[in-house]
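Residue numbers (this note's numbering): 2 to 201.
Below is one structure, written out as structure tokens, with a few remarks after it.
This is how it looks when you write it as structure tokens:
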């Protein structure tokens with residue numbers, strides 16, 4: 002993995018390369034990025050397991066969402082990576098390292114992959130790349146990963162990357178498509194002191 006110095010003005014975070022992927026920054030001023038973000042957030046499989054606080058329904062709201070992500074990166078509380086194929090540059094999905102707490106040396110990670118990129122280990126490879134960076138370069142000790150109960154694919158990705166299952170959180174997430182009902186979530190976590198995970 003080799004960090005890059007290419008990043009948007011004001012962002013303290015690098016771009017990352019490894020495992021056949023490039024993790025770069027989403028750009029609100031890019032029509033292609035906004036369209037990919039909209040497609041990812043609108044995907045029925047994404048919506049089955051996630052309910053965004055602020056709906057993204059068109060290109061304008063996609064750009065607004067990406068601008069908000071850039072502001073979080075500028076203040077150091079979150080970094081949101083566009084997952085791309087290292088050779089072609091094709092957008093494959095998204096990975097976020099969020100709720101960064103320097104005092105507690107902790108953060109929370111999440112990801113999604115576009116439909117055509119699923120089944121290729123994209124999320125696993127991107128997560129492994131981001132985990133290494135977060136522990137080695139950011140100096141974080143604890144990374145948490147949560148997903149809706151029943152999301153078996155996300156559970157397997159977490160386990161492959163060394164995120165141990167720690168329990169079920171009651172009523173921790175919104176139900177699909179609702180802001181007035183809740184569902185349980187699995188909590189996984191990985192510590193910087195945990196043994197290195199071996200990718201398949």
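Using N, Cα and C, we set each Cβ at its ideal position, and we do this for glycine too.
Leaving out five residues before and five after residue 135 in sequence, what residues of the same chain have Cβ atoms less than 7 Å from its Cβ?
The sequence position of residue 135 within the chain shown is 134, counting from 1. Cβ neighbours of residue 135 beyond the five flanking positions: 98, 108, 141, 144.
Could you check where the alpha helix (DSSP H) with residue 130 kicks off and where it finishes?
Taking the chain shown and counting its residues from 1, one reaches residue 130 at position 129. That run of the alpha helix (DSSP H) goes 123–137.
Beta-carbon contacts of residue 126 that lie in its chain and below 6 Å, excluding the five residues immediately before and after
Stepping through the chain shown from its first residue, residue 126 is reached at position 125. Excluding sequence neighbours, residue 126 sits near 20, 22.
Can you tell me the Cβ-Cβ gap for residue 187 and residue 169, rounded? I've got them flagged as a contact below 8 Å.
Against the chain shown, residue 187 aligns to sequence position 186. Against the chain shown, residue 169 aligns to sequence position 168. Confirmed, about 6 Å.
Starting from the Cα of residue 60, find the closest Cα among 75, 40, 49 and give me that residue.
The residue you call residue 60 lines up with position 59 of the chain shown. The candidate whose alpha carbon is nearest that of residue 60 is 40.
Thinking C-beta only, is residue 139 closer than 8 Å to residue 114?
Counting from 1 along the chain shown, the entry for residue 114 is found at position 113. Counting from 1 along the chain shown, the entry for residue 139 is found at position 138. Not a contact, by the Cβ cut-off of 8 Å.
Reference residue 67, options 53, 102, 30, 47, closest by Cα
Position 66 of the chain shown holds residue 67. Considering only alpha carbons, the answer is 30.
Quick one: what does DSSP say residue 140 is sitting in, helix, strand or coil?
Walking along the chain shown from the start, residue 140 turns up at place 139. If DSSP states are grouped into helix, strand and coil, residue 140 belongs with coil.
So if DSSP puts residue 182 in a beta bridge, which residue, or which two residues, is it bridged to?
Mapped onto the chain shown, residue 182 falls at position 181. Its beta-bridge partners do not exist; DSSP assigns none.
So, with DSSP's three-state summary, where would you put residue 10?
Start at 1 with the first residue of the chain shown, and residue 10 comes out as number 9. At residue 10, the pLDDT of 32 sits below 50, so the modelled position is not reliable; the number obtained from the coordinates is stated separately. Residue state, collapsed to three classes: coil.
Range of the contiguous alpha helix (DSSP H) that encloses residue 163
On the chain shown, position 162 is the one that residue 163 refers to. Per DSSP, residue 163 belongs to no alpha helix (DSSP H) and is neither H nor E.
Endpoints, beta strand (DSSP E) assigned at residue 113
In the chain shown, residue 113 corresponds to position 112, counting from 1. Segment 107–114, the beta strand (DSSP E) holding residue 113.
For chain C, is any of its Cβ atoms less than 8 Å away from the one on residue 110?
The structure shown contains no chain C; it is built from a single protein chain.
Where does residue 153 fall in DSSP's three states?
The residue you call residue 153 lines up with position 152 of the chain shown. Helix.
Can you give the Cα-Cα distance for residue 195 and residue 110, rounded to whole angstroms?
Indexing the chain shown from 1 puts residue 195 at position 194. Indexing the chain shown from 1 puts residue 110 at position 109. One C-alpha to the other measures close to 17 Å.
Which same chain residues, not among the five before or five after residue 25, have their C-beta less than 7 Å away from its C-beta?
Sequence index remark: in the chain shown, residue 25 carries index 24 (1-based). Around residue 25: 16, 82, 83, 85.
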